[in-house]
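Take 35 as the starting number for the sequence shown in our numbering and just add one per residue.
For each residue, glycine too, the CB sits at the ideal point set by N, CA and C.
All values reported here derive from a predicted model rather than from experimental measurement.
Notes to accompany the following structure.
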Amino acid sequence: MVAKVDAEFVLPEGKSVFFASDLHLGAPNGQASAERERAFVAWMDAIKPRAAALYLVGDVFDFWFEYRHAIPKGFARLQGRLADWSDSGIPIYMFTGNHDLWMRDYFVQEFGIQVFHEPIRHVWGEKHLVIGHGDGLGPGDTGYKLLKRVFTFKPFQTLFRWLHPDLGIGLASWLSRGSRARTGH
Numbered sequence: 035m036v037a038k039v040d041a042e043f044v045l046p047e048g049k050s051v052f053f054a055s056d057l058h059l060g061a062p063n064g065q066a067s068a069e070r071e072r073a074f075v076a077w078m079d080a081i082k083p084r085a086a087a088l089y090l091v092g093d094v095f096d097f098w099f100e101y102r103h104a105i106p107k108g109f110a111r112l113q114g115r116l117a118d119w120s121d122s123g124i125p126i127y128m129f130t131g132n133h134d135l136w137m138r139d140y141f142v143q144e145f146g147i148q149v150f151h152e153p154i155r156h157v158w159g160e161k162h163l164v165i166g167h168g169d170g171l172g173p174g175d176t177g178y179k180l181l182k183r184v185f186t187f188k189p190f191q192t193l194f195r196w197l198h199p200d201l202g203i204g205l206a207s208w209l210s211r212g213s214r215a216r217t218g219h
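In structure tokens:
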């Protein structure tokens, strides 16, 4: 559990803090993903005038891996909105989930978005918030926790990075579909 307060903010009059998670962009197919992406960026457009901050709390993408010189293709509308919000000075906080845990520094470098791999504690006015994706927290689910340790093990990530992106992203997408078929999410 998160013990200390990572940041405290004053909530400006008439502004709100917004949260979204589990968009799983990229799944189950291109058409469904594009429709969900369009709906999400329309929501971002609608809330932008009232937004003090946006928290993207994991699994924004069904799979995300940052190679040294490549990222998964697609998601241009979302990335455009993230750039627009960042350029407007609205802070965006992004958390990794079990499907996009291999985020590194792309969102930091391109958009100035803070990326978190563990839960954090923020205070907005009187509201004390512990924010994180939640996968692997709490008791049980030892199989997933072991798999997550393998996936977050740096030498494993280095080996995966040696796979050509067409092969690596294809393999990960296939595994994600299989996981969804077994677990229902």
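Between D134 and D93, the C-beta spacing is below 8 Å.
Secondary structure at R155: strand, using DSSP grouped into helix, strand and coil. Within the region 117-149, the runs of beta strand (DSSP E) at least 3 residues long that lie entirely inside it are, in chain order, 126-129.
DSSP places F52 in the uninterrupted beta strand (DSSP E) bounded by 50-54. Per DSSP, reduced to three states, the secondary structure at A68 is helical. As DSSP reads the structure, A73 sits in no beta bridge. Ranked by Cα distance from D139, the options A104, G108, L112, G166 are led by A104. Setting aside the 5 residues that flank it on each side, R70 is surrounded in the same chain by L57, L59, each with a C-beta closer than 7 Å to its C-beta; the list follows chain order. Beyond the five residues adjoining it in sequence on each side, G159 comes within less than 7 Å, by CB distance, of V44, L45 in the same chain, given in chain order. Of the residues V75, F53, Q113, K182, the one whose Cα lies closest to the Cα of A86 is F53. Minimum Cα-Cα distance from G204 among the listed residues I126, K49, W77, A61 corresponds to A61. Rounded to whole angstroms, the gap between the alpha carbons of P83 and D200 is 39 Å.
For F43, the enclosing beta strand (DSSP E) stretches over residues 41-43.
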